[in-house]
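Note sheet for the following structure.
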Amino acid sequence: MSLYNNRYGSPRSFSSRSHGSLSGRPSVYRISTGFQPAMQRSSSNLNLSRLPPSSSSAFLLSSLPNMEVDPQMQQLRNQEKEQIKGLNNQFVNFIDKVRDLEKQNKILETQLALLKEKDAYKSNIDQITQVSANRLKQQIDALLHEKEKLQMELHNMQGLVEELKNRYEDDINRRNQIENDFVLTKKDLDDAYLHKVDNESKLDTLTDEIQYLKQLYDEELKELEHQVQNAKVTVAMDNSRDLEMKHIMDEVKAQYQAMAQKSQQEAEYWYNCKIEDMENQVKRNNEELKALKNEVNDLNRMIQRANSENEALKNQRANLESAISMAEEHGEDAVRNAKSHIRDLEEALKRAKQDMALKVREYQELMNIKLALDIEIATYRKLLEGEETRMHGQKPNLQANAIDKLASTLNFDVKSTPPVKAAPNPKKVLLVKTIETANGKQVTEGTEYSVQ
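Under UniProt numbering, the first residue of the sequence shown is numbered 1, with each subsequent residue one higher.
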């Protein structure tokens, strides 16, 4: 390639514009070159009018064996053939690379389309999460309503228990009061019994005293009678006195007996009345006590039933609170899982966008490589066409050299060919790439080349 440029010169200028597209449309190139063969053969004016026809033909035939090919030219042609073979191999390799890049371009286009479809797809995770959250909220509201209802029932049961407790306390107070009354009544009964015993003891004492007085009066009477019998004195006054004493004693005795009998009757009557009152009071107290015991037993049963119902309500409340806490935990877990799933999806979407951006950059780089390869292929194609043109123009040059050599042998006036012009210095190619974007997406892409 360098030998070719040194000998024939490099292209002066070329410009190309390619708009990369995802559909793989072929690029359009406009190449203008000032390539021309460096060696030009000047026209030789040979004056062969002075030679006779027979001598000129003989001269030409005799001079043909001296037309030998230059070994340097042969070596140069061999080198150029080798270079053309190498360039052909590189060209084939470049074509294979272009095909591979086109395949990769199609793969990237498919991936880009899939990523665009994935990006355009809107998941209904938010709706599913919202529906689940609404369902859980409804369950929580129902559980809260049930909880309020149970709390109201519990409050009512607590009020009933409090009322029963107050009634029980009132009954206990009444029972204590009745027991106190019973104790007081029993004390009165004991006092009455003691009074009865005291009266009986007094009655016995009075009876003993009456018996003692009676015996005493009898002894005194006997003693008086014995004294009267011993004196043998009959006195009317004494008889009347004796009669009066007996009468007095009988009256006193009768009075004491009447008093004792009356006192005994009064004591027995009072005692019997008191005993009857006490027995009636005891009966009434026993009946009231029995009724109170029955009522207390009923209250105890009601309290036990209320306590069992209270325990059942407490257990139900605990179960409902545990169910509410479990439902809240499940709801919070569901919300956390939904949020984590949303974060994972957002991260996956972010990674997909990053991968898509990376693929787009890789695609742009591959398109730039493809563009450079297309330019290089076009350049090689142009060089090959120039080589073919040079190869076709080499035969007239060899004939012109042979005629010039013959003219110099015959001292003919032949104009020498102009010197070979030196190949111009290779020029630099400047790549200008233009990318238009809108809303973070690529709209158009342009590439311009200029020679400096």
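Heads up, the beta-carbon is just placed ideally off N, CA and C, and yes, glycines get one too. No experiment lies behind these values; they were computed from the predicted model shown.
- Message: Using C-beta distances below 6 Å, list every residue in its chain close to THR185, excluding the 5 sequence neighbours before and after it, in chain order.
- Response: GLN281
- Going along the chain, which residues of its own chain have a beta-carbon closer than 6 Å to the beta-carbon of GLU82, five neighbours each way excluded? none
- Determine, using beta carbons only, whether ARG317 and LEU154 come nearer to each other than 8 Å. yes
- Message: Looking only at its chain, what residues have a beta carbon closer than 8 Å to the beta carbon of GLU295, apart from the 5 residues adjacent to it on each side?
- Response: ASP171
- Query: In chain order, what residues of the same chain lie with their CB nearer than 8 Å to the CB of ASN285, ignoring the 5 residues before and after it?
  - Reply: ILE178, ASP181, PHE182 and THR185
- Please look up how many angstroms separate the CB atoms of ALA306 and VAL161, rounded, as I've assumed it's under 8 Å. 5 Å
- Message: If contact is defined by three or more beta carbon pairs under 8 Å, each pair taking one atom from either stretch, is the stretch 261-274 in contact with the stretch 128-142?
- Response: no
- Message: Whether or not the stretch 358-373 and the stretch 101-121 are in contact is what I'm after, with contact meaning three or more pairs of Cβ atoms, one per stretch, closer than 8 Å; do they touch?
- Response: yes
- Is it buried or exposed for ILE128, if we count other Cβ within 10 angstroms and need 16 for buried? exposed
- Query: How big is the Cα-Cα spacing for ALA225 and ALA258?
  - Reply: Inspection of the sequence shows that residue 225 is occupied by Glu rather than by Ala. So the alpha carbons of these two residues sit roughly 28 Å apart.
- beta strand (DSSP E) segments (min. 3 residues) lying fully within the stretch 84-165: none
- Query: Buried or exposed: which applies to LEU371, given that a residue is buried once 16 or more other Cβ atoms fall within 10 Å of its Cβ?
  - Reply: buried
- Taking the CB atoms as reference points, tell me whether THR207 and ALA260 lie closer together than 8 Å. yes
- Item | Top-ranked residue by Cα proximity to LEU101, from LYS382, ASP126, ASN272 and ASN368 | ASN368
- Cβ atoms of ASN310 and MET152: under 8 Å apart, would you say? no
- Item | Pick from ARG336, ASP204 and MET356 that is closest to LEU114, judged by C-alpha positions | MET356
- Message: So, for LEU299: in the same chain, excluding its five sequence neighbours on each side, which residues have a beta-carbon less than 6 Å away from its beta-carbon?
- Response: TYR168
- Report yes if the C-beta distance between ALA192 and LYS283 is below 8 Å; otherwise report no. no
- Excluding five sequence neighbours on each side, which residues of the same chain lie with their C-beta closer than 8 Å to the C-beta of ILE324? ILE140, LEU143, LEU144 and LYS147
- For ARG77, I'd like the list of residues in its chain whose CB is within less than 7 Å of its CB, leaving aside the five on either flank, ordered along the chain. none
- Message: On the CB-based measure, 16 or more other CB atoms within 10 Å of its CB, does LEU358 come out buried or exposed?
- Response: exposed
- Message: ILE84 and GLU387 - do their beta-carbons sit closer together than 8 Å?
- Response: yes
- Buried versus exposed call for ILE248 [16 or more other C-beta atoms within 10 Å across all chains shown]: exposed
- Item | Option in MET391, HIS392, ARG343 and ALA338 with minimal Cα separation from SER132 | ALA338
- Same chain, Cβ closer than 8 Å to residue 453, five either side skipped, listed in chain order: Beyond the ends of the chain as shown, which are 1 and 452, falls residue 453; an answer cannot be given.
- Message: On the criterion of 16 or more Cβ atoms from any shown chain inside 10 Å, does LEU383 qualify as buried, or is it exposed?
- Response: buried
- Message: Could you check whether LEU292 and ARG175 sit closer than 8 Å to each other, using their CB atoms as the reference points?
- Response: yes
- Query: In the structure shown, what three-state DSSP assignment does MET67 receive?
  - Reply: Caution is warranted here: a pLDDT of 48 is assigned to MET67, below 50, making its placement in the model unreliable, and no coordinate value can be reported.
- Going straight from the alpha carbon of ASP188 to that of ASN315, what length do you get? 54 Å
- Message: Quick check: what's the CA-CA separation for ASP204 versus ASN166?
- Response: 55 Å
- Contact check, ILE303 vs LEU164 under 8 Å by CB: the rounded distance? 6 Å
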